[in-house]
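S.K.: In my numbering, the protein residues as written are 1030 to 1193.
Cβ atoms here follow ideal geometry from the backbone N, Cα and C, with glycine treated the same way.
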């Protein structure tokens, strides 16, 4: 009976398969945010056994550029910071400092001293990622912590009725 109970208890984890890769660059980015802004701007981590859960925070899904993807006209300065961050990562990829995969999987070394992140990366990719992240955080600092998230105002093309 105990065996059946244990199987039922762990069945959701067995069916889910192996854990998905962790977006390591977000872990560094969030750390830089905590260091310089004093709050968790991207994700907070709760470790239970070896499971990491990410709870999206302040800047994810803010405007047109903060979070996954990005397009359109930034809604304000905070959103412009996110657009600049996206383009910074893109430049690191195009210049071949980082591969497309490394942008999202590489960790970089940095330290927090007097509420300032100090990059200590060894590879060109680590240096580029840390520079992009610290620039974005310092840009956000110019605007203060937003109380609400602004929505993207993308223009939607009008629907035309096709006449036969």
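For the candidate residues 1175, 1171 and 1142, whose alpha-carbon lies nearest to that of residue 1060?
M.R.: For this step, residue 1060 is matched to residue 31 along the chain shown. Out of 1175, 1171 and 1142, 1142 has the C-alpha closest to the C-alpha of residue 1060.
S.K.: Which same chain residues, not among the five before or five after residue 1164, have their C-beta less than 8 Å away from its C-beta?
M.R.: Locating residue 1164 in the chain shown gives position 135, where the first residue counts as 1. Excluding residues within five positions, the ones whose Cβ falls inside 8 Å are 1113, 1114 and 1117.
S.K.: What do you get for residue 1153, buried or exposed, if any count of 16 or more other CB atoms within 10 angstroms of its CB means buried?
M.R.: For the purposes of this step, residue 1153 is taken as the residue at position 124 of the chain shown. Its Cβ having fewer than 16 others within 10 Å, residue 1153 is exposed.
S.K.: Can you name, in chain order, every residue of its own chain whose Cβ lies under 6 Å from the Cβ of residue 1126, other than the five neighbours on each side?
M.R.: The residue you call residue 1126 lines up with position 97 of the chain shown. Same-chain partners within the cutoff: 1153, 1154 and 1157.
S.K.: List the endpoints of the continuous alpha helix (DSSP H) containing residue 1107.
M.R.: If you number the chain shown from 1, residue 1107 lands on position 78. That run of the alpha helix (DSSP H) goes 1106 to 1123.
S.K.: If you count every other CB in all the chains shown that lies within 10 Å of the CB of residue 1106, and 16 or more means buried, which is it?
M.R.: Counted from its first residue, the chain shown places residue 1106 at position 77. Exposed.
S.K.: What do you get for residue 1068, buried or exposed, if any count of 16 or more other CB atoms within 10 angstroms of its CB means buried?
M.R.: To locate residue 1068, count along the chain shown from 1; it is residue 39. The residue is exposed, with fewer than 16 neighbouring Cβ atoms inside 10 Å.
S.K.: Let me know if residue 1180 comes out buried or exposed under the rule of 16 or more other beta-carbons within 10 Å of its beta-carbon.
M.R.: One-based indexing of the chain shown puts residue 1180 at position 151. With fewer than 16 other Cβ atoms within 10 Å, it is exposed.
S.K.: Between which residues of its own chain and residue 1151 is the CB-CB distance below 8 Å, once the five residues before and five after are set aside?
M.R.: Here residue 1151 refers to the residue found at position 122 of the chain shown. Closer than 8 Å at Cβ, skipping near neighbours: 1138.
S.K.: Is the Cβ-Cβ distance between residue 1064 and residue 1146 less than 7 Å?
M.R.: Sequence index remark: in the chain shown, residue 1064 carries index 35 (1-based). Sequence index remark: in the chain shown, residue 1146 carries index 117 (1-based). Taking 7 Å as the Cβ cut-off, residue 1064 and residue 1146 qualify as a contacting pair.
S.K.: Relative to the alpha-carbon of residue 1066, which residue among 1119, 1167 and 1178 has its alpha-carbon at the smallest distance?
M.R.: Residue 1066 sits at position 37 when you count from the first residue of the chain shown. Comparing Cα-Cα distances from residue 1066 to each of 1119, 1167 and 1178, the minimum goes to 1167.
S.K.: For residue 1161, which residues from the same chain have a beta carbon less than 8 Å from its beta carbon, with the 5 sequence-adjacent residues on both sides left out?
M.R.: Numbered from its first residue, the chain shown carries residue 1161 at position 132. Here the set comprises 1114, 1117, 1118 and 1121.
S.K.: For residue 1070, which of helix, strand or coil comes out of DSSP?
M.R.: Your numbering for residue 1070 matches position 41 in the chain shown. It is coil, neither helix nor strand.
S.K.: Which ranges does the alpha helix (DSSP H) cover as unbroken runs of at least 4 residues, wholly within the region 1122 to 1168, from first to last along the chain?
M.R.: Fully enclosed alpha helix (DSSP H) runs of 4 or longer: 1131 to 1134.
S.K.: For residue 1091, count neighbouring C-beta atoms within 10 Å of its own C-beta (all shown protein chains included) and say buried if the count is 16 or more, exposed if not.
M.R.: For the purposes of this step, residue 1091 is taken as the residue at position 62 of the chain shown. Buried, by the Cβ-count rule.
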